[in-house]
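Protein chains: 2
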Amino acid sequence: MKQPFHHGSLKQALLDASGTLLDQHGPDGVTIRAIARKVGVSHAAPVNHYKDREALLTALATVLFKDLLASVKGKLSSKDLPTTARISVFAIMLFEYAMAHPNRYRLLWHTGLVNHNDPELLDVMDQFYNACCAEIAGAGLCSERDAETYAIALWSLVHGYTDLRLTGMFEAKNDKINGRPRLEAMLDMFLNQSRNKSP
Amino acid sequence: MKQPFHHGSLKQALLDASGTLLDQHGPDGVTIRAIARKVGVSHAAPVNHYKDREALLTALATVLFKDLLASVKGKLSSKDLPTTARISVFAIMLFEYAMAHPNRYRLLWHTGLVNHNDPELLDVMDQFYNACCAEIAGAGLCSERDAETYAIALWSLVHGYTDLRLTGMFEAKNDKINGRPRLEAMLDMFLNQSRNKSP
DNA sequence: TCTATTAAGTTGACGCTGTCAATATTGACA
DNA sequence: TGTCAATATTGACAGCGTCAACTTAATAGA
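First to last, the protein sequences are chains A and B.
Under my numbering, read the first sequence as residues 31 to 229, first letter to last.
Under my numbering, read the second sequence as residues 31 to 229, first letter to last.
#1: Measuring only between beta-carbons, confirm whether residue 166 of chain B sits less than 8 Å from chain A.
#2: Using the C-alpha atoms, what's the distance from residue 121 of chain B back to residue 188 of chain B?
#3: Closer than 8 Å between beta carbons: that is the criterion. Which residues of the stretch 37-67 of chain A meet it against chain B?
#4: Which residues in chain B have a C-beta closer than 7 Å to the C-beta of residue 197 of chain A? List them in chain order.
#5: Please state the DSSP three-state secondary structure of residue 172 of chain B.
#6: Using a cut-off of 7 Å between C-beta atoms, extract the partners of residue 189 of chain A located in chain B.
#7: Residues in its own chain within less than 6 Å of residue 39 of chain A by CB, not counting five upstream and five downstream?
#8: Could you tell me which of A:195, A:92, A:112 and A:82 sits nearest to residue 155 of chain A, measuring between CA atoms?
#9: Within a Cβ cutoff of 8 Å, which residues of the same chain sit near residue 99 of chain B, ignoring the five residues on either side of it in sequence?
#10: Closer than 7 Å by C-beta to residue 64 of chain A: which residues in its own chain qualify, once you throw out the five before and the five after it? Chain order, please.
#11: Comparing the C-beta of residue 186 of chain B with each C-beta of chain A, is any distance below 8 Å?
#12: Please classify residue 141 of chain B: does DSSP put it in a helix, a strand, or coil?
#13: What does residue 179 of chain B touch in chain A if you count any residue whose Cβ is under 8 Å from its own?
#14: When the cut-off is 8 Å and only beta carbons count, does residue 209 of chain B lie next to chain A?
#15: From this set, A:77, A:75, A:128 and A:103, which residue's C-alpha is nearest residue 210 of chain A's C-alpha?
#16: Taking Cβ-Cβ distances shorter than 9 Å, what residues in chain B pair up with residue 176 of chain A?
#17: Counting contacts by CB-CB distance shorter than 8 Å, is residue 183 of chain B in contact with chain A?
#18: Where does the unbroken alpha helix (DSSP H) through residue 200 of chain B begin, and where does it stop?
#19: Of all the alpha helix (DSSP H) runs that stay within the bounds of the stretch 54-114 of chain A, which reach a length of 4 or more residues?
#20: So what does DSSP say about residue 207 of chain B, is it helix, strand or coil?
#21: Specify whether the stretch 168-179 of chain B and the stretch 135-148 of chain A touch according to this definition: at least 3 beta carbon pairs, one from each stretch, less than 8 Å apart.
#22: Can you look up residue 146 of chain B in the DSSP assignment and give me helix, strand or coil?
#23: Excluding five sequence neighbours on each side, which residues of the same chain lie with their C-beta closer than 8 Å to the C-beta of residue 112 of chain B?
#24: Determine the direct distance from the alpha carbon of residue 200 of chain A to that of residue 208 of chain A, and round the result to whole angstroms.
#25: In chain A, what lies closer than 9 Å to residue 136 of chain B by C-beta?
#26: Please list, in chain order, the chain B residues whose beta carbon lies closer than 9 Å to that of residue 200 of chain A.
#27: Does DSSP put residue 131 of chain A in a helix, a strand or coil?
#28: Anyone know if the C-beta pair for residue 68 of chain A and residue 85 of chain A falls short of 8 Å?
#29: Going straight from the alpha carbon of residue 78 of chain A to that of residue 44 of chain A, what length do you get?
#30: Only counting the same chain, and skipping five residues up and downstream in sequence, which positions put a Cβ closer than 6 Å to that of residue 185 of chain A?
#31: Applying the criterion that 16 or more other CB atoms from any shown protein chain within 10 Å of the CB defines a buried residue, is residue 147 of chain B buried or exposed?
#32: Applying the 10 Å Cβ sphere with the 16-neighbour rule, what's the burial state of residue 133 of chain B?
#33: Out of A:108, A:60, A:41 and A:102, point me to the one whose CA is closest to residue 76 of chain A's CA.
#34: Could you have a look at residue 37 of chain B and say whether DSSP puts it in helix, strand or coil?
#35: Our contact map puts residue 60 of chain B next to residue 87 of chain B with C-beta atoms below 8 Å; I'd like the distance itself, whole angstroms only.
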């Protein structure tokens, strides 16, 4: 019963191995054959659990996104933070995740490898978006009418900076002020300016 | 003299074919062998002009980036616009370029295919960054000390929204307000808030 | 003008990839 | 025990990037 079939829980093992390969060798290193080798199974075994490489990487991206969302939500619910600080935490956690696990963050948005129309992935991304909107709405930084635009702007700002930075942008320049300090300065700008606005 | 060698100007022909393939089939469709077929040359001919696939795609990305920069600069110098409008033009042109040529925009930032440490590409990206900074500095929306942060924030905002949108984000939702109108609303927010700030 | 040199293009091979069809094995259930 | 379906293996195929060996062509020097 423990090992109901030949391998047992190959599906999960494939996901685990994929995650390791992703961290070590980047998205391009996560090949079906490499995964199979790592798990110690023949090169065609994975097809029984995932239709093709895209399906496997989409599943991996979904798991990673879920983890990220969970840890963000966890951190936000555990601490009792002022509303604008909550937004910063949200943004900074995203950025720090990407810096700690660049290849994971790259996979999440890799259109060539991941199917962003997959319902499961779409669902967790939607939850992420809603969490972002909730933070903005809760902060009361803008009119309710503008909340959605505001939330998208925040997400775009963080994702844009993160993505640019992962390509190496700004690295050659003032790298002591770039990175997280730069992000915090941008958030400061973004949030403080809003506070100066009358409701 | 016109055709100094077998093919003549194979190097340029390879670039042209790559551009067409990119538009039609996306970055993954731009394979060395497909390019060679399109030009009508053997599969190993390109190696005489580009060390490997990465070198070829990096050259293509450099050309595309140069074109984009030129058209942005052209538009900005031709019209006599108020300073904040100039920033919007800058941002909107970037976004519209990506919407008109999604695969080109994807290639520009595709870390797996393009070498973002290439000096030529680095140079044109630097020019782009400097142009962005110049617009911000010229607008006088913030203290000189904050200009760099402001410029990076603007670029991050536009790139982030563009990139998220290219993955299909926000498409299922209110798609009449998303896209360019949403970007304009975000820019409005971003710029107007700054104007309310005392100097 | 003839020849030597070198750049440019061809051919064929290698190992890698994803995917599929055919086959073998295993566990579960009747 | 015997059947069946799920699961894994094997082998094949086409496509890919890249390299080495070879052929062709254009230029440079005598």
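C-beta: ideal position from N, C-alpha, C; glycine also.
Here's the rundown:
#1: no
#2: 6 Å
#3: 56, 57 and 58
#4: 139, 141 and 146
#5: coil
#6: 190, 193 and 194
#7: none
#8: A:92
#9: 154, 157, 158 and 161
#10: 51
#11: yes
#12: coil
#13: 212, 215, 216 and 219
#14: no
#15: A:128
#16: 215 and 219
#17: yes
#18: Note, residue 200 of chain B: premise wrong, no alpha helix (DSSP H); not H, not E.
#19: 62-69 and 83-108
#20: coil
#21: no
#22: coil
#23: none
#24: 7 Å
#25: 141 and 142
#26: 159 and 182
#27: coil
#28: no
#29: 11 Å
#30: 162
#31: exposed
#32: buried
#33: A:41
#34: coil
#35: 6 Å
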